[in-house]
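What follows is one structure encoded as C-alpha cells, with my remarks underneath.
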Amino acid sequence: MTIAPPSSDTLFTPPLPDAAPRDLCTDCGLSRTADPKRCGRACQFIRPDYPSMERAVHGRSRDPKRPDEPFFGPFRRMLRAALRESRPGAQWTGITTRVGQKLLRAGEADVVLCMAADPADRWRPRPVLVTDPEAMALCRGMKMGHAPLLALLETARDRGYRRPAVIGIPCQVYPLRVLESDLGFERITVIGTPCSDNTTTEMFHVFLNLLTERPDDVTYLEFMHDYHVEMRFTDGSRTRIPFLRLPISRLPADFFPLTCRTCVDYTNVLADLTVGYMGGEGEQWLLVRNARGEELLSLLGDEVRVAEPGSAGKRRGPVKGFIANTERAAGGLPVRGMPDWARPLAGWLMPRIGPRGLEFARSRLEMKAAETVLHLRRTHPRRMKYMIPDHVWALVEPYGVMPLDGERGRDDRTRVASTTSAATPQAPMARTIGNGVPS
Ligand SMILES: Cc1cc2nc3c(=O)[nH]c(=O)nc-3n(C[C@H](O)[C@H](O)[C@H](O)COP(=O)(O)OP(=O)(O)OC[C@H]3O[C@@H](n4cnc5c(N)ncnc54)[C@H](O)[C@@H]3O)c2cc1C
Ligand code: SF4
Ligand code: SF4
Numbered sequence: 389m390t391i392a393p394p395s396s397d398t399l400f401t402p403p404l405p406d407a408a409p410r411d412l413c414t415d416c417g418l419s420r421t422a423d424p425k426r427c428g429r430a431c432q433f434i435r436p437d438y439p440s441m442e443r444a445v446h447g448r449s450r451d452p453k454r455p456d457e458p459f460f461g462p463f464r465r466m467l468r469a470a471l472r473e474s475r476p477g478a479q480w481t482g483i484t485t486r487v488g489q490k491l492l493r494a495g496e497a498d499v500v501l502c503m504a505a506d507p508a509d510r511w512r513p514r515p516v517l518v519t520d521p522e523a524m525a526l527c528r529g530m531k532m533g534h535a536p537l538l539a540l541l542e543t544a545r546d547r548g549y550r551r552p553a554v555i556g557i558p559c560q561v562y563p564l565r566v567l568e569s570d571l572g573f574e575r576i577t578v579i580g581t582p583c584s585d586n587t588t589t590e591m592f593h594v595f596l597n598l599l600t601e602r603p604d605d606v607t608y609l610e611f612m613h614d615y616h617v618e619m620r621f622t623d624g625s626r627t628r629i630p631f632l633r634l635p636i637s638r639l640p641a642d643f644f645p646l647t648c649r650t651c652v653d654y655t656n657v658l659a660d661l662t663v664g665y666m667g668g669e670g671e672q673w674l675l676v677r678n679a680r681g682e683e684l685l686s687l688l689g690d691e692v693r694v695a696e697p698g699s700a701g702k703r704r705g706p707v708k709g710f711i712a713n714t715e716r717a718a719g720g721l722p723v724r725g726m727p728d729w730a731r732p733l734a735g736w737l738m739p740r741i742g743p744r745g746l747e748f749a750r751s752r753l754e755m756k757a758a759e760t761v762l763h764l765r766r767t768h769p770r771r772m773k774y775m776i777p778d779h780v781w782a783l784v785e786p787y788g789v790m791p792l793d794g795e796r797g798r799d800d801r802t803r804v805a806s807t808t809s810a811a812t813p814q815a816p817m818a819r820t821i822g823n824g825v826p827s
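So this is what it looks like as C-alpha cells:
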C-alpha cells in the first residue's frame, strides 16, 4: 500500500513507495528507500552487532561491571524525571516531544523525524517531517503499530536538511545508526523510547474493543508501573483496569507479531537519550547515554524535575513464573487461569510487593530476553546464532535458559538444554503476558 501524501502543511509525509517483502520486518522504512538491499546490513532482525554499534555511538560497549548496564546498555546516568508542566496529549509528561521542540527552536536540528497520528485513525502512526517547533505538539502520545520512519531520511536530505533529529523506537534506531555515517548528514541526534509488545494497529483495535464498550472514544492507553492499564476518553473520563482483569485470554494467539516478541533491544541502547517510564515509579525514566544526551537534557533546563530512580521488591519469582508460562504456552499467549476469587487479592498485592522502579525495569528486560530465546527457538532456530546477542543470553542464564548446540553466535558456549522446570512456583504477578501483564 502506497502511503498517501501529506495531510497538513506542518506535518509533512512525502508519498512513499511500497515496502519490499521481508520476513521478520517492522517496516522501519529502509526497504522503501532507493537502496532497499541495505536491509541485509542494517536490520536488527538479521545479524545485529550491538557491541560494535555501542562502541561506534557511545565510545564503549556496555560494561557488565557497571550497575545495571547488563540490563539497560551503556549510560552515563539514569534519572526519574517529569516536566514540571505536563503537556496535554503527551504519553507521560511530554519530555520526548519537548526535546524535539527545543532542538528546532535552538537551531540544533533543522528537521525532526517522528510519528504523528494518522488523520483517519488516532492510533495509527504516521511518519512525519517537522520543522515548525510548535508542530511537535501534534506528535505527542503513543500510537500503536509500525510505520516507515527511516524512509523520510531521503526526503530530508533532498530538501537540504543537514542536522536531523530522529525520535524512534529500537528497531528503527538500530538501522539508522548502522547507516548513519553513509547518509551524508552533518549530524544526527537520536531520541529513543523503549519499546515492547507493539502490535499492528488493526490488532490494537481488537484489544480496545475487548476492553471497553466505547473503543472509538479512547484517546490514551498505558500499561502503568502499578499494574493497571489506564484509559482516557474523549469526554475527559478515565478508567483503570488491573492487569489481572484484562481480557488477555480472548486475544488471538498471534496478537503480538514475532518481531515484537523477539526483538533484542528493549531500552533503545543506541539513542543519545532514552525516554521511557518503566524505571520511573509513576514518573518518566531517562537514560542519558552520552555527551549528546546530556546536551539534550540540558535543553530542558528548569522545566524538568529530576531525581534518583528508586528500586524495591524482588523480580526473581515473577520472572521465573513468566518464563515457565511462556514455555507452556508454546507460542500462544502465556495465559493461565487464576481463580476469580484470588484475582482481587493478587491485584491488591502486586503494586505493594511486586518489583518496583528499577527492579521492575530489570524484570521486564529479563522477561523480554526469555521471550526472544523461547520464541525464536520454536519458530526460527537457525536464526538464533545471528539474532541473539550475548547480552540477551546473559539476562536469561540465571534462570537456567541456556543456548543449545548451535544457538549461540560469537562465543559459542553451548550447553545442555536446561530451561525452567514445570514445577516452578508461581508468584502473584507471575502469570504475565506482554508488558508484564498477568492474565
Ligand atoms: C509501541 C510502544 C511501546 C512502548 N513500550 C514501553 C515500555 O514497555 N516501557 C517504557 O518505559 N516505555 C515504553 N514506550 C515509551 C513510552 O510509552 C513513552 O512514549 C515515552 O516514555 C515518552 O513519553 P513522553 O510523554 O515523553 O512522549 P511524548 O512527548 O508524548 O511523545 C511521544 C513520542 O513517541 C513517538 N511515537 C509514538 N508512537 C510511536 C510508534 N508507534 N512508533 C514510533 N514512535 C512512536 C512519537 O513520535 C513521539 O515523539 C513505548 C512506546 C511505544 C511507541
Ligand atoms: S525492519 Fe527495516 S531494515 Fe529490517 S527488513 Fe524491515 S525495512 Fe529492512
Ligand atoms: S517491540 Fe521491538 S520489534 Fe516491535 S516495534 Fe517495538 S522495538 Fe520494534
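All residue numbers for the sequence shown refer to our numbering, where the first residue is 389 and numbers rise by one.
Even glycine gets a Cβ: it sits at the ideal position worked out from N, Cα and C.
Bear in mind that the values here come from a model prediction, so they are computed numbers and not experimental data.
Contacting residues, own chain, Cβ-Cβ under 6 Å from F743 (five flanking each side not counted)
Here the question's residue 743 lines up with position 355 in the sequence shown. Per the sequence shown, the amino acid found at residue 743 is Pro instead of Phe. Here the set comprises G701, R703, S751.
Can a CB atom of chain D be found closer than 9 Å to the CB of L646?
The structure shown contains no chain D; it is built from a single protein chain.
Under the assumption that I555 contacts L684 (Cβ atoms under 8 Å), give the Cβ distance between them as a whole number of angstroms.
Taking the sequence shown and counting its residues from 1, one reaches residue 555 at position 167. Taking the sequence shown and counting its residues from 1, one reaches residue 684 at position 296. With 8 Å as the limit, I555 and L684 do not qualify as a contact, their Cβ atoms being about 11 Å apart.
Based on Cα-Cα distance, which residue from K773, V761, Y774 lies nearest to G788?
Here residue 788 is taken as the residue at index 400 of the sequence shown, counted from 1. Comparing Cα-Cα distances from G788 to each of K773, V761, Y774, the minimum goes to V761.
Endpoints, the alpha helix (DSSP H) within which I483 is located:
Position 95 of the sequence shown holds residue 483. 483-494 is the span of the alpha helix (DSSP H), which, as asked, contains I483.
Provide the residue span of the beta strand (DSSP E) that contains M466, from first to last.
Here the question's residue 466 lines up with position 78 in the sequence shown. That run of the beta strand (DSSP E) goes 465-471.
DSSP three-state label for V445, please.
If you number the sequence shown from 1, residue 445 lands on position 57. Three-state DSSP puts V445 in a helix.
Report back the beta-carbon spacing between P379 and R677 to the nearest angstrom; my notes put them in contact at under 8 Å.
Residue 379 lies beyond the stretch modelled for the chain, which goes from 389 to 827, so this question has no answer here.
From what residue to what residue does the alpha helix (DSSP H) around C559 run?
To locate residue 559, count along the sequence shown from 1; it is residue 171. Note, C559: alpha helix (DSSP H), 558-567.
Taking a contact to mean a Cβ-Cβ separation below 9 Å, would you say C413 touches T647 in this structure?
Position 25 of the sequence shown, counted from the first residue, corresponds to residue 413. Position 259 of the sequence shown, counted from the first residue, corresponds to residue 647. When the beta-carbon positions are compared, C413 and T647 come within less than 9 Å of each other.
Go to F595, then tell me how far its beta strand (DSSP E) extends in each direction, as first and last residue.
The residue labelled residue 595 in the question sits at position 207 within the sequence shown. Unbroken run through F595 is the alpha helix (DSSP H), 589-599; no beta strand (DSSP E).
Shortest alpha-carbon distance to P558 belongs to which of R551, T543, L571, N586?
Within the sequence shown, residue 558 is the residue found at index 170, counting from 1. When R551, T543, L571, N586 are compared, the shortest CA-CA separation from P558 is found for N586.
Close beta carbons around P458, own chain, < 8 Å, minus the five adjacent residues each side:
On the sequence shown, residue 458 is found 70 positions in, with the first residue counted as 1. R450, P452, H779, A782, L783.
Exposed or buried, which one is N831 when buried takes at least 16 other CB atoms within 10 Å?
Any question about residue 831 goes unanswered here, given that the chain covers just 389 to 827.
Beta strand (DSSP E) runs wholly inside the stretch 610-697, at least 3 long, in chain order:
If we require 3 residues or more, the beta strand (DSSP E) runs fully inside the stretch 610-697 come out as 616-621, 626-630, 661-664, 672-676, 692-695.
Any idea what DSSP makes of P608, helix, strand or coil?
Locating residue 608 in the sequence shown gives position 220, where the first residue counts as 1. The sequence shown places Tyr at residue 608, not Pro. Strand, per DSSP.
Kindly examine ligand 2 and report whether one of its heavy atoms sits closer than 8 Å to the Cβ of L540.
Residue mapping note: residue 540 aligns to position 152 of the sequence shown, counting from 1. Not so, every heavy atom of ligand 2 lies at least 8 Å from the Cβ.
What do you reckon, are the CB atoms on A535 and R512 nearer than 9 Å?
Within the sequence shown, the letter at position 147 stands for residue 535. Within the sequence shown, the letter at position 124 stands for residue 512. Less than 9 Å separates the beta-carbon of A535 from that of R512.
Closer than 7 Å by C-beta to P521: which residues in its own chain qualify, once you throw out the five before and the five after it? Chain order, please.
As a position in the sequence shown, residue 521 is number 133, starting the count at 1. Non-local beta-carbon contacts of P521 in its own chain, meaning distances under 7 Å to residues more than five positions away in sequence, involve Q489, L492, R493 in chain order.
Can you tell me whether DSSP reads D778 as helix, strand or coil?
Walking along the sequence shown from the start, residue 778 turns up at place 390. Here D778 sits in helix by DSSP.
Coil, strand or helix - D570 by DSSP:
Along the sequence shown, one-based indexing puts residue 570 at 182. Residue state, collapsed to three classes: helix.
Compute every distance between the C-beta of A889 and the non-hydrogen atoms of ligand 2, then say whether any falls below 8 Å.
Outside the shown range of the chain, which is 389 to 827, sits residue 889, and nothing can be said about it.
Pull up the CB-CB distance for F592 and G533, whole angstroms please, since I reckon it's below 8 Å.
As a position in the sequence shown, residue 592 is number 204, starting the count at 1. As a position in the sequence shown, residue 533 is number 145, starting the count at 1. A Cβ-Cβ distance of about 7 Å is found for the pair F592 and G533, placing them in contact under the 8 Å criterion.
State the start and end residues of the unbroken beta strand (DSSP E) segment that holds M503.
Here residue 503 corresponds to residue number 115 of the sequence shown, with the count starting at 1. Where M503 is concerned, the enclosing beta strand (DSSP E) stretches over 499-506.
Give a yes or no on whether the C-beta atoms belonging to C416 and L609 are separated by under 9 Å.
Position 28 of the sequence shown, counting from 1, holds the residue named residue 416. Position 221 of the sequence shown, counting from 1, holds the residue named residue 609. By the CB criterion at 9 Å, C416 and L609 fall outside the cutoff.
CA-to-CA distance, S584 to R649, given in whole angstroms:
In the sequence shown, the residue the question calls residue 649 occupies position 261. In the sequence shown, the residue the question calls residue 584 occupies position 196. So the two alpha carbons sit approximately 8 Å from each other.
Kindly identify the DSSP beta-bridge partner or partners of S699.
Reading the sequence shown from its first residue, position 311 is the one you call residue 699. DSSP output for S699 lists G745 as bridge partner(s).
Relative to ligand 4, what is the chain-ordered list of residues with a Cβ closer than 6 Å to any of its non-hydrogen atoms?
Ligand 4 is absent from the structure shown, which contains only ligand 1, ligand 2 and ligand 3.
Alpha carbon of P786 to alpha carbon of M755, nearest angstrom:
Position 398 of the sequence shown holds residue 786. Position 367 of the sequence shown holds residue 755. Put simply, the backbone Cα of P786 is about 12 Å away from that of M755.
Regarding T647 and ligand 3, is the C-beta to nearest heavy atom distance less than 8 Å?
Position 259 of the sequence shown, counting from 1, holds the residue named residue 647. Flag set: Cβ of T647 near ligand 3.
Boundaries of the beta strand (DSSP E) in which V516 is found, first to last residue:
The residue given as residue 516 occupies position 128 in the sequence shown. First-last of the beta strand (DSSP E) with V516: 509-518.
Okay, do the stretch 431-441 and the stretch 559-566 touch, 3+ Cβ pairs below 8 Å being the bar?
In short, these stretches touch, since the Cβ pair count reaches three.
Could you pull the DSSP bridge partners for T714 from this structure?
Along the sequence shown, one-based indexing puts residue 714 at 326. T714 is not bridged to any residue.
With T577 as the anchor, note down where its beta strand (DSSP E) starts and where it stops.
Along the sequence shown, read from residue 1 onward, the residue named residue 577 stands at position 189. Where T577 is concerned, the enclosing beta strand (DSSP E) starts and stops at 577-580.
For F621 and E601, I'd like the C-alpha separation in whole angstroms.
Counting from one through the sequence shown, the residue named residue 621 turns up at place 233. Counting from one through the sequence shown, the residue named residue 601 turns up at place 213. Linking F621 to E601 through their CA atoms gives a straight-line distance of about 11 Å.
With L632 and D456 assumed to form a contact (beta carbons below 8 Å), what rounded beta-carbon distance in angstroms separates them?
Residue mapping note: residue 632 aligns to position 244 of the sequence shown, counting from 1. Residue mapping note: residue 456 aligns to position 68 of the sequence shown, counting from 1. Going by Cβ atoms, the distance from L632 to D456 rounds to 29 Å, so no, they are not a contact pair.
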